[in-house]
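Novice: Quick one: the structure is below, and I'll ask about it shortly.
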Amino acid sequence: MTLIYRAIVLFVLLLTVRCQFREKDFWKQATAALVVIPLVLRLLMIK
Amino acid sequence: MKFKGTRFSATLLLLVALVISALAGMDFMGMWADDSFVPAPGFEKKMLSQWHSGLAGTPADTPVYIQSGEETGGTVLILGGTHPTEPASLMTSVLFLERAHVTKGRLIVITQANLLGFTHNSPQEAHPQSISFTTADGGTRTFRFGSRLTNPIYEWPAPDIYIHPASGQQLPGKERGNLNRCYPGVPDGSITEQVAYALTELVRGENVDLAFDLHEASPEYPVVNAIVAHERSMELAAMTVMDLEAAGIAMRLEPSPTNLRGLTHREWGNYTETMPILMETGNPVQGRLRGRTDERLAITGEDKAYMKAAPLGRLYIPYDGDQRMEYRVGRHTAAIMSFLDNLEMAYEEQGVLVENIPTFEEIQEKGVGFFLAPLKKSGL
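So the protein sequences, as listed, match chains A and X.
So the first sequence is numbered by this note's numbering: it starts at 151 and just counts up by one.
So the second sequence is numbered by this note's numbering: it starts at 272 and just counts up by one.
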């Protein structure tokens, strides 16, 4: 079950990074970077 | 102000996010290291998985310390650390673990009942990661200050509604990570339900006569500076409350509600033969009215907001500007010792006698750290 959960987190993380690179507004890129932090920490099961 | 986003800026921002993730991750992982304890001579260390093998090899498997006296008697359990945000619970159990000399019966001490609650902090509470005490030799003892709930990385997926398996009682989903809502526990349930099951099995398997579950509560919560007793424990609790009142320690006595399920004072009473007792002291660092939240508040209970709330009649404890750790640990300690005296008097065969525990006055005078074992001398 945890592996499925982590796979979903990884999928959302990749989507977020994809959005970040397609975004033309710097501040929206920065917002995506903020979203990346908790996703990375949860993907690694740290927090 | 509008800036154009480019691939370069996206790469830069991603790198910054990864650096912040690494720094935050190291900070969070710092709470995974175990705390050090120095059991008094005579304590034998076991693991909770001995009473439920499903916990073996999991990070929830917490140490259980047992000391037997020379004279035959009963068995008493002191359970600390059910809620890591209630540090007087942890520190009282540590005091007994590091000082107790049992002359009659058996004493079982668990300092960190919900070990997984100590591995993280609650979000948005600004709680400290640890609290420290100065020992008699001038050294420092540091203990983690965790979260009320089990670390969610071990409790996923949290349900929207937590349905207590034994009763069907409905609670918010996150409460499945609250050890004191999961009793009597489920052997193949979530990790917190399994810890609850193991503790219930310990109480049953070891024929525990008297079981303490130590807690703290916010000053504005009605059940504070209180003993909560199951029907079977009520007589002993009444005797203890009178003794404490005579000693100048005011204590409420609350009957365990029969329809509030999942708590030790209800489920240990219903599912085992023990006399369960839950005790609460006043802890401003838990309260909703508190101001600046840091280690100082956790240790001293000094808070300007509570000073304003007290004269407005909003609190259920007398509050003169602080609720110091030595006062809170002193209350728990004095109550436990009074219970042991009354257990010996009322049920002599089930008596458990413990020496070398400081009195309420000694703890007030010298502080909690004075009575903790120095780590240097212990080689830790």
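The C-beta atom is built at its ideal place from N, Cα and C for all residues, glycine as well.
Give me the subset of the segment 411 to 439 of chain X whose CB atoms are less than 8 Å from a CB atom of chain A, sorted by chain position.
Specialist: Flagged, chain order: Ile424, Trp427, Pro428.
Novice: If we count Cβ pairs, one from each stretch, closer than 8 Å, do we get three or more for the segment 482 to 501 of chain X versus the segment 531 to 541 of chain X?
Specialist: Touching, yes, given that three or more Cβ pairs across the two stretches are closer than 8 Å.
Novice: Kindly indicate if chain X contains any beta-carbon less than 8 Å away from that of phenylalanine 176(A).
Specialist: Taking the first sequence and counting its residues from 1, the one referred to as residue 176(A) is at position 26. With 8 Å as the cut-off, phenylalanine 176(A) counts as an interface residue toward chain X.
Novice: Should leucine 165(A) be flagged as near chain X, meaning a C-beta pair shorter than 8 Å?
Specialist: Walking along the first sequence from the start, residue 165(A) turns up at place 15. Cβ-Cβ to chain X under 8 Å: no for leucine 165(A).
Novice: Find out if the Cβ-Cβ distance for the pair glutamate 573(X), glycine 592(X) is shorter than 8 Å.
Specialist: Walking along the second sequence from the start, residue 573(X) turns up at place 302. Walking along the second sequence from the start, residue 592(X) turns up at place 321. Contact flag set, yes.
Novice: How far does the alpha helix (DSSP H) with leucine 163(A) in it reach, from first residue to last?
Specialist: Residue numbering aside, residue 163(A) sits at position 13 when the first sequence is read from its first letter. Looking at the DSSP string, the run of the alpha helix (DSSP H) that includes leucine 163(A) is 152 to 172.
Novice: Could you please give me the residues that DSSP links to threonine 411(X) through a beta bridge?
Specialist: Looking up residue 411(X) in the second sequence gives position 140. In DSSP, threonine 411(X) forms a bridge with Thr405(X).
Novice: Would you kindly check if the distance between the Cβ of asparagine 496(X) and the Cβ of glutamate 551(X) is under 8 Å?
Specialist: Numbered from its first residue, the second sequence carries residue 551(X) at position 280. Numbered from its first residue, the second sequence carries residue 496(X) at position 225. Yes.
Novice: When we look at the beta-carbon of asparagine 249(X) and count the other beta-carbons within 10 Å, is it buried (16 or more) or exposed?
Specialist: Residue numbering for chain X in the displayed model covers 272 to 651; residue 249(X) lies beyond these limits and cannot be assessed.
Novice: Please list the terminal residues of the continuous alpha helix (DSSP H) segment that includes tyrosine 336(X).
Specialist: Locating residue 336(X) in the second sequence gives position 65, where the first residue counts as 1. Tyrosine 336(X) -> not in any alpha helix (DSSP H); beta strand (DSSP E) instead, spanning 334 to 339.
Novice: Assuming phenylalanine 610(X) contacts proline 629(X) (C-beta within less than 8 Å), just tell me the rounded distance between them.
Specialist: Along the second sequence, read from residue 1 onward, the residue named residue 610(X) stands at position 339. Along the second sequence, read from residue 1 onward, the residue named residue 629(X) stands at position 358. Between proline 629(X) and phenylalanine 610(X) the Cβ distance is about 16 Å, and since that is not below 8 Å, they are no contact.
Novice: Could you have a look at arginine 503(X) and say whether DSSP puts it in helix, strand or coil?
Specialist: Counted from its first residue, the second sequence places residue 503(X) at position 232. Looking at arginine 503(X) - three-state DSSP - the assignment turns out to be helix.
Novice: Do you know how far the Cα of leucine 160(A) is from the Cα of leucine 378(X)?
Specialist: Your numbering for residue 378(X) matches position 107 in the second sequence. Your numbering for residue 160(A) matches position 10 in the first sequence. Approximately 48 Å between the Cα atoms of the pair.
Novice: Just verifying my parser: in three-state terms, what is the DSSP assignment at aspartate 484(X)?
Specialist: In the second sequence, residue 484(X) corresponds to position 213, counting from 1. It is a strand residue.
Novice: Along chain A, which residues have their Cβ under 8 Å away from the Cβ of leucine 289(X)?
Specialist: Translated into positions along the second sequence, residue 289(X) becomes position 18. Correct list: Val186, Val190.
Novice: For chain A, find out if any of its Cβ atoms is closer than 8 Å to the Cβ of glycine 460(X); answer yes or no.
Specialist: Counting from 1 along the second sequence, the entry for residue 460(X) is found at position 189. Cβ-Cβ to chain A under 8 Å: no for glycine 460(X).
Novice: For tyrosine 587(X), tell me which candidate among Leu549(X), Phe404(X), Glu544(X), Arg523(X) has the shortest Cα-Cα distance.
Specialist: If you number the second sequence from 1, residue 587(X) lands on position 316. Per the Cα distances, Arg523(X).
Novice: Where does the unbroken alpha helix (DSSP H) through methionine 362(X) begin, and where does it stop?
Specialist: The residue you call residue 362(X) lines up with position 91 of the second sequence. Here the alpha helix (DSSP H) through methionine 362(X) covers 358 to 370.
Novice: DSSP three-state label for alanine 497(X), please.
Specialist: For the purposes of this step, residue 497(X) is identified with residue 226 of the second sequence, where counting begins at 1. In this structure, alanine 497(X) counts as strand in the three-state DSSP scheme.
Novice: For a contact meaning CB atoms closer than 9 Å, what does leucine 194(A) contact in chain X?
Specialist: Translated into positions along the first sequence, residue 194(A) becomes position 44. Within 9 Å Cβ-Cβ: Ser292, Gly296.
Novice: Run down chain A in chain order and give the residues with a C-beta less than 7 Å from the C-beta of serine 280(X).
Specialist: As a position in the second sequence, residue 280(X) is number 9, starting the count at 1. Going along chain A in sequence order, the residues near serine 280(X) (Cβ under 7 Å) are Phe176, Gln179.
Novice: Of the residues that make up the segment 298 to 315 of chain X, which ones have a beta carbon closer than 7 Å to any beta carbon in chain A?
Specialist: So the close ones are Phe299, Met300.
Novice: Against phenylalanine 171(A), what residues of chain X qualify as contacts under a CB-to-CB distance less than 7 Å, listed in chain order?
Specialist: Within the first sequence, residue 171(A) is the residue found at index 21, counting from 1. The answer, in chain order, is Arg278, Ala281.
Novice: Do we get a CB-CB distance below 8 Å when we pair alanine 284(X) with the residues of chain A?
Specialist: Taking the second sequence and counting its residues from 1, the one referred to as residue 284(X) is at position 13. Strictly speaking, residue 284(X) in this sequence is leucine, with alanine absent from that position. Cβ-Cβ to chain A under 8 Å: yes for leucine 284(X).
Novice: How many Å lie between alanine 293(X) and methionine 195(A) at the Cα?
Specialist: Residue 293(X) sits at position 22 when you count from the first residue of the second sequence. Residue 195(A) sits at position 45 when you count from the first residue of the first sequence. Distance between the alpha carbons of alanine 293(X) and methionine 195(A) is about 13 Å.
Novice: Alpha carbon to alpha carbon, how far is valine 287(X) from glutamine 179(A)? Give it in angstroms, no decimals.
Specialist: Sequence index remark: in the first sequence, residue 179(A) carries index 29 (1-based). Sequence index remark: in the second sequence, residue 287(X) carries index 16 (1-based). Spanning the two alpha carbons is a distance of roughly 12 Å.
Novice: Note down, one range per segment and in chain order, each beta strand (DSSP E) of at least 3 residues found wholly within the segment 568 to 634 of chain X.
Specialist: Counting only runs of 3 or more, we get 624 to 626.
Novice: Hey, does histidine 398(X) have any beta-carbon neighbour from chain A nearer than 8 Å?
Specialist: Sequence index remark: in the second sequence, residue 398(X) carries index 127 (1-based). Closer than 8 Å: no.
Novice: Of all the residues that make up the segment 363 to 391 of chain X, which are near chain A by a beta-carbon distance shorter than 9 Å?
Specialist: Result list: His391.
Novice: So, glutamate 632(X) versus leucine 624(X), is the Cβ gap smaller than 8 Å?
Specialist: By one-based count along the second sequence, residue 632(X) stands at place 361. By one-based count along the second sequence, residue 624(X) stands at place 353. Not a contact, by the Cβ cut-off of 8 Å.
Novice: Could you tell me whether any Cβ in chain A is nearer than 8 Å to the Cβ of lysine 647(X)?
Specialist: Along the second sequence, read from residue 1 onward, the residue named residue 647(X) stands at position 376. Not an interface residue.
Novice: If you draw a straight line from the alpha carbon of arginine 278(X) to that of methionine 297(X), how long is it in whole angstroms?
Specialist: Translated into the one-based positions of the second sequence, residue 278(X) becomes position 7. Translated into the one-based positions of the second sequence, residue 297(X) becomes position 26. C-alpha separation (whole angstroms): 29 Å.
Novice: Check whether the Cβ atoms of proline 490(X) and tyrosine 598(X) lie closer than 8 Å to each other.
Specialist: As a working mapping, residue 490(X) is identified with position 219 in the second sequence. As a working mapping, residue 598(X) is identified with position 327 in the second sequence. Going by C-beta atoms, proline 490(X) is not nearer than 8 Å to tyrosine 598(X).
Novice: List the residues of chain X that alanine 218(A) touches, going by C-beta distances under 7 Å, in chain order.
Specialist: The requested residue 218(A) is not part of the displayed model; chain A covers only 151 to 197.
Novice: With DSSP as the reference, please indicate the residues paired to isoleucine 227(X) in a beta bridge.
Specialist: Past the edges of chain X, shown from 272 to 651, lies residue 227(X), and the structure says nothing about it.
Novice: Rounded to whole angstroms, what is the Cα-Cα separation between phenylalanine 367(X) and leucine 348(X)?
Specialist: Translated into positions along the second sequence, residue 367(X) becomes position 96. Translated into positions along the second sequence, residue 348(X) becomes position 77. So the alpha carbons of these two residues sit roughly 11 Å apart.
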